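Undergrad: As you go down the protein sequences, you meet chains A and B in turn.
Quick note on the working numbering: the first sequence kicks off at 494 and runs consecutively.
Quick note on the working numbering: the second sequence kicks off at 4 and runs consecutively.
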Amino acid sequence: MIMKPFSHIGAYFLLMKRVFSKPEKWSVYKRQLIFEINSIGISSLPIIAIISVFMGGIITIQAAYGFTSPFVPLYAIGFTTRESIILEFSPTIVCLILAGKVGSNIASEIGAMRISEQIDALEIMGINSASYLILPKILAAIFIFPFLIAISMFLGILGGYVMGVTAEACTPYQYIFGIQTYFEPWKLYYSFTKVLVFGFIITSVSSYFGYHTKGGALEVGKSSTSAVVYSSILILLFSLILTNLFLNR
Amino acid sequence: MIEIKNITKTFDGRKVVKDVSFKFEQGKTNLIIGESGCGKTTILKLMVGLHQIDSGSVFFNNKDFPKLSPLEQQEIRQKIGMLFQGGALFDSLNVEQNVQFPLDMFTNLSEAEKKERVNFCLERVKLTNKNHLFPAELSGGMKKRAALARAISNKPEYLFCDEPNSGLDPKTSIIIDTLIKEITEDFNITTVIVTHDMNSVIEIGEKIMFIHEGENYWSGTKQEILKANNKELKDFVFASEFMKMAIHGN
Chain A
494 MIMKPFSHIG AYFLLMKRVF SKPEKWSVYK RQLIFEINSI GISSLPIIAI ISVFMGGIIT
554 IQAAYGFTSP FVPLYAIGFT TRESIILEFS PTIVCLILAG KVGSNIASEI GAMRISEQID
614 ALEIMGINSA SYLILPKILA AIFIFPFLIA ISMFLGILGG YVMGVTAEAC TPYQYIFGIQ
674 TYFEPWKLYY SFTKVLVFGF IITSVSSYFG YHTKGGALEV GKSSTSAVVY SSILILLFSL
734 ILTNLFLNR
Chain B
4 MIEIKNITKT FDGRKVVKDV SFKFEQGKTN LIIGESGCGK TTILKLMVGL HQIDSGSVFF
64 NNKDFPKLSP LEQQEIRQKI GMLFQGGALF DSLNVEQNVQ FPLDMFTNLS EAEKKERVNF
124 CLERVKLTNK NHLFPAELSG GMKKRAALAR AISNKPEYLF CDEPNSGLDP KTSIIIDTLI
184 KEITEDFNIT TVIVTHDMNS VIEIGEKIMF IHEGENYWSG TKQEILKANN KELKDFVFAS
244 EFMKMAIHGN
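1. Could you give the distance in angstroms between the alpha-carbon of A/A810 and the alpha-carbon of A/I552?
2. Rounded to the nearest angstrom, what separates B/I89 and B/S169 at their Cα positions?
3. Rounded to the nearest angstrom, what separates B/L229 and B/V197 at their Cα positions?
4. Since A/S732 is in the alpha helix (DSSP H), which residue starts that stretch and which ends it?
5. Applying a beta-carbon distance threshold of less than 8 Å, which residues of chain B neighbour A/E529?
6. Can you give the Cα-Cα distance for B/S72 and B/G217, rounded to whole angstroms?
7. Taking one C-beta from the region 514-521 of chain A and one from the region 530-539 of chain A each time, how about it: are there three or more such pairs within less than 8 Å?
8. Is A/V655 closer than 9 Å to A/V546 when the C-beta atoms are compared?
9. Counting only Cβ pairs nearer than 8 Å, list the residues of chain A close to B/A91.
10. Taking B/T198 as part of the beta strand (DSSP E), name the residues at either end of that continuous run.
11. Where does the unbroken alpha helix (DSSP H) through A/L626 begin, and where does it stop?
12. What does the alpha-carbon distance come out to for the pair A/G559 and A/Q667?
13. Please say whether A/V690 and A/L735 have beta carbons closer to each other than 9 Å?
14. What residues in its chain sit with their C-beta under 8 Å from that of B/I207, if we drop five residues either side in the sequence?
15. Helix or strand or just coil, what does DSSP make of B/I214?
16. Using three-state DSSP, classify A/V688 as helix, strand or coil.
17. Would you mind telling me which residues of chain A sit closer than 7 Å to B/I83, beta carbon to beta carbon, in chain order?
18. Please report the straight-line C-alpha distance between B/S176 and B/E188, rounded to a whole angstrom.
19. Start and end of the beta strand (DSSP E) containing B/M85?
20. To the nearest angstrom, how far is the alpha carbon of A/F638 from that of A/P584?
21. Please list, in chain order, the residues of the region 95-120 of chain B that have any C-beta partner in chain A closer than 9 Å.
22. Whose C-beta lies closer than 7 Å to the C-beta of A/S622 among residues of the same chain, with five residues either side of it excluded?
23. Using a Cβ-Cβ cut-off of less than 7 Å, list which residues of the region 42-53 of chain B approach chain A; keep chain order.
24. Closer than 9 Å, CB to CB, is A/M496 near chain B or not?
25. Going by beta carbon distance, what residues of the same chain come within less than 7 Å of A/L580, once the five residues before and after it are set aside?
26. Which two residues bound the contiguous alpha helix (DSSP H) that contains A/L580?
27. Where does the unbroken beta strand (DSSP E) through B/N9 begin, and where does it stop?
28. Would you report the Cα separation of A/A569 and A/G671, rounded to the nearest angstrom?
29. Helix, strand or coil for B/F93? Go by DSSP, reduced to three states.
30. With DSSP collapsed to three states, give me the class of B/D172.
31. Can you name, in chain order, every residue of its own chain whose Cβ lies under 6 Å from the Cβ of A/I571, other than the five neighbours on each side?
32. Whose C-alpha, out of A/I728, A/G593 and A/F582, is nearest the C-alpha of A/A472?
33. What did DSSP end up calling B/I186 once you bin it into helix, strand or coil?
34. Are B/N191 and B/G40 closer than 9 Å when you measure CB to CB?
35. Is there a Cβ from chain B that is less than 9 Å from the Cβ of A/I620?
36. Can you list, in chain order, the residues of the region 511-543 of chain A whose Cβ is nearer than 7 Å to any Cβ on chain B?
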């Protein structure tokens, strides 16, 4: 019981060693990478867009509701919305949502392949199944997640503008002035570093649980749940570590 | 030629394969038969390296497979075709892409040459005009045929089949069995089939190993199996009234 987490960690790193070994044929992996960019990235765009617009609007209204003092200028609404979205909502909360959508998808896909002997079929052919199945997913996530998060940031701030102006919480000028005030570009560097780490965590942890599925359909479901739970916990843990590294003065 | 010598496997303290030895001949359909749970699929998986053997040897043309380096094992695996019980076709690929997959991975053929080979294999297993269907759209028999086409697409030297006609009706079972036998003879490959179907034994069994409780209880030909005096074997062969009537006529 005590040793179980350690055996998982050991098995995870052994799997990663196999994942990052030399591919049999780059052209096949390249084709798979393009497929995964579409499957992991492009197909996640609608949900990210909807959530970002709504969250941007909600953050703006909450900020306006909180700023009742006449000493706080109304452009602070735009400033607060920008800071919340760039620092935490888009890189962390959106990645938690992606852990649910992409992570469960990866774990169930690989888990189903395991129980239907498709992974055995790859191994018998002389293919490194871990590398063939997992490496394109990790590379696809690391490549496409920053674009998704950039779109999320843009739409979140846009949603805040639309909501702030239509609810008459602030004027367009105040909001735009607010999102430009005290802007520090290095905060984007911090956010996108988090996104790259979270992209790796979501795909590798979910793949690990899918790859080690044993049994039948019930176990595929359990792997999928474990993938989302552990990815989410690790995202929050690494968010804390990276925030401490970047922002703790 | 494949030879296994004294192979043993234990799972959770239970010995499921006990000191099994056998020679599988080239150009013949070699059958591993036995009741469910006797260890025949485990023997097959030990032979192809999906399970690690505890002791013993598996020789592919005199090369001891478990003792080879991973790279050498990979070279041998590229000469193996395997037909899994459920087909194990890749769900995300259509029939044509499934059959072409080993060619994409291990050959430098042009697209036209690959297509030609894929169509040849699909014609060989009598599965034409289904190239663009996905596994979910195929019947059980079609899945087996597509999987067989994939198994032979890269011109294997060894063909392994795990329960090739399980879940199929008798007519389709015979079609699949006949296909495997024809392919074995045409391409002169070493074929190993795991089955518990006596129809397959009578139809295509050339060299047979009977496994009982993880042990090699008996081996011989299909002519010999009907006359054997081994009690366990007789219980297995004549388990159904149909077999008793067919062989003894009463």
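Backbone N, C-alpha and C define an ideal beta-carbon position, used for all residues, glycine too.
Quick caveat: nothing in here was measured; it's all calculated off a predicted structure.
TA: Judging by the given coordinates:
1. No information on residue 810 of chain A is available, as it lies outside the stretch 494 to 742 that chain A covers here.
2. The sequence given here places Gly at residue 89 of chain B; Ile does not occur at that position. Roughly 8 Å separates the two Cα atoms.
3. For B/L229 and B/V197, the distance between alpha carbons rounds to 19 Å.
4. A710 to L740
5. Within chain B, no residue comes near A/E529; the closest Cβ sits about 11 Å away, beyond 8 Å.
6. 28 Å
7. no
8. yes
9. S609, E610, Q611, D613 and A614
10. T193 to T198
11. S622 to T659
12. Rounded to the nearest angstrom, the two C-alpha atoms are 16 Å apart.
13. yes
14. T32, L34, D180, T181, I183, K184 and I196
15. strand
16. helix
17. Chain A residues near B/I83: I617.
18. 19 Å
19. I83 to L86
20. 9 Å
21. S95, F104, P105, D107, M108 and F109
22. I612, L615 and E616
23. Listed in chain order, the positions of the region 42-53 of chain B with a beta carbon within less than 7 Å of a beta carbon of chain A are V51 and L53.
24. Cβ-Cβ to chain B under 9 Å: no for A/M496.
25. K680 and S684
26. Per DSSP, A/L580 belongs to no alpha helix (DSSP H) and is neither H nor E.
27. I5 to F14
28. Their Cα atoms are separated by approximately 6 Å.
29. coil
30. B/D172 sits in coil when the DSSP states are folded into three classes, being neither helix nor strand.
31. Per the sequence presented here, residue 571 of chain A reads as Gly, with Ile not at that position. The beta carbon of A/G571 sits closer than 6 Å to those of Y668, G671 and I672, all from its chain and outside the five residues before and after it, given in chain order.
32. Outside the displayed range of chain A (494 to 742) lies residue 472 of chain A, so it cannot be described from this structure.
33. helix
34. no
35. So yes, A/I620 belongs to the interface.
36. E517, K518 and V521
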